[in-house]
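Have a look at the structure below before the remarks.
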Amino acid sequence: MTASSPASRPPVVAGIELGGTKCIAMLGSGPDDIQDEVRVPTTTPGETLAALEAVLDRWSGFAAVGIASFGPVSVDRAASDWGSITTTPKPGWADTPIAPQLAARYRVPIGFHTDVVGAALGEGAYGAAMGLADHAYMTVGTGIGVGLVAGGAPVAGMTHQELGHLRPVRVKGDDWPGICPFHGACVEGLASGPAIVARTGTPAPDLPVDDPAWDLVAHAIAQACAAVVLTGVPRRIVIGGGVMVGTPHLFPRVRRMLHDSLAGYLVTAELAELDSYVVPPRLGGQAGPLGALVLAHRALAG
Ligand code: ZN
1091 MTASSPASRP PVVAGIELGG TKCIAMLGSG PDDIQDEVRV PTTTPGETLA
1141 ALEAVLDRWS GFAAVGIASF GPVSVDRAAS DWGSITTTPK PGWADTPIAP
1191 QLAARYRVPI GFHTDVVGAA LGEGAYGAAM GLADHAYMTV GTGIGVGLVA
1241 GGAPVAGMTH QELGHLRPVR VKGDDWPGIC PFHGACVEGL ASGPAIVART
1291 GTPAPDLPVD DPAWDLVAHA IAQACAAVVL TGVPRRIVIG GGVMVGTPHL
1341 FPRVRRMLHD SLAGYLVTAE LAELDSYVVP PRLGGQAGPL GALVLAHRAL
1391 AG
């Protein structure tokens, strides 16, 4: 019997990445055994969930379903609203019970977490943090979020992390107010894709490498990284998302500013090698749906 024989593979499960503009549903046991992958546009909850159910109805034999959803979501299993999207500003989607609806229909274990935790679990199982039980994934795109994994499990208690809304130390002389409707100049309000457009008038992919705004963006991201490091958990931080794609010059800036922010206080073997501590993802757009498979496997394992 070889390592790739069906008997030794994890069970076939269904994973759903529920994104703000599109959903990806994946059937398989892992990246080497993807049996189907379907994209569904995110429109209204009724339309989108019906389309996803039509896909799941067509598939058979999945042992569990994992859902990695845009949020905020309720991830507290003891809460009455577990498995729901809660207070999202996305029209029509607030208070949508995603996981309970699928659990009632399919009667299999359901794993449910944020999209960024899904990406963290995907990169941890199959990508840039493979082999590490303690790691973090930060997305810098339309929004900024962090998924923290400790001992192989997502860190969550009352709710999930919201470190994108941390208010960072500002660069001296920079008093731009930021665009977060709640906090103004939080990390997301300063360094997300929409923040970069608001500040410079230019989308991130078109902003020249030498534009001074990049150092301000990197500084805010580095402050969030410093906070993530100071949790004491991650042995590596993977940073993905639309702003990081095509801007490899951001990584050295973020590493340097993270080093400056930590100021030598923490000394670990991992932090001594920032080039391998703050890294780009390996799975690209597959991190979310593969992470949803991991959520399904975790639900199956109880
Ligand atoms: Zn904010």
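Counting in this note's numbering, the sequence shown runs from 1091 upward without gaps.
Idealized CB from N, CA, C, for every residue including glycine.
Below 8 angstroms, can you find three or more Cβ-Cβ pairs linking the stretch 1194-1202 to the stretch 1141-1160?
yes
In angstroms with no decimal places, state the Cα-to-Cα distance between proline 1190 and valine 1344.
40 angstroms
Using 8 angstroms as the threshold, is the stretch 1205-1217 in touch with the stretch 1361-1374, meaning 3 or more CB pairs across them?
Counting Cβ pairs under 8 angstroms, three or more are found: they touch.
CB-CB under 6 angstroms to glycine 1242, same chain, minus the five flanking residues each way: which ones, in chain order?
Non-local beta-carbon contacts of glycine 1242 in its own chain, meaning distances under 6 angstroms to residues more than five positions away in sequence, involve Ala1223 in chain order.
Any contact of the stretch 1343-1362 with the stretch 1168-1175, i.e. 3+ C-beta pairs under 8 angstroms?
no
Under the three-state reduction of DSSP, which class applies to phenylalanine 1341: helix, strand or coil?
helix
Lysine 1112 - partner residues in DSSP beta bridges:
For lysine 1112, the beta-bridge partners assigned by DSSP are Pro1131.
Helix, strand or coil for methionine 1228? Go by DSSP, reduced to three states.
strand
Which class does glycine 1268 belong to by DSSP, given the choice of helix, strand or coil?
coil
Find out if the Cβ-Cβ distance for the pair alanine 1288, alanine 1310 is shorter than 8 angstroms.
no
How about the stretch 1249-1262 and the stretch 1303-1319: do they share at least three Cβ pairs that are nearer than 8 angstroms?
yes
Any contact of the stretch 1223-1232 with the stretch 1179-1197, i.e. 3+ C-beta pairs under 8 angstroms?
The stretch 1223-1232, when compared against the stretch 1179-1197, does not touch it at the 8 angstroms Cβ threshold.
Let me have the residue list for the ligand ZN: C-beta closer than 6 angstroms to any non-hydrogen atom, ordered along the chain.
His1255, Cys1270, Phe1272, His1273, Cys1276, Glu1278 and Gly1279
Residue burial classification, glutamine 1251 (beta-carbon count within 10 angstroms, cutoff 16):
buried
Supposed close pair leucine 1390, valine 1103 - CB separation, criterion 8 angstroms
7 angstroms
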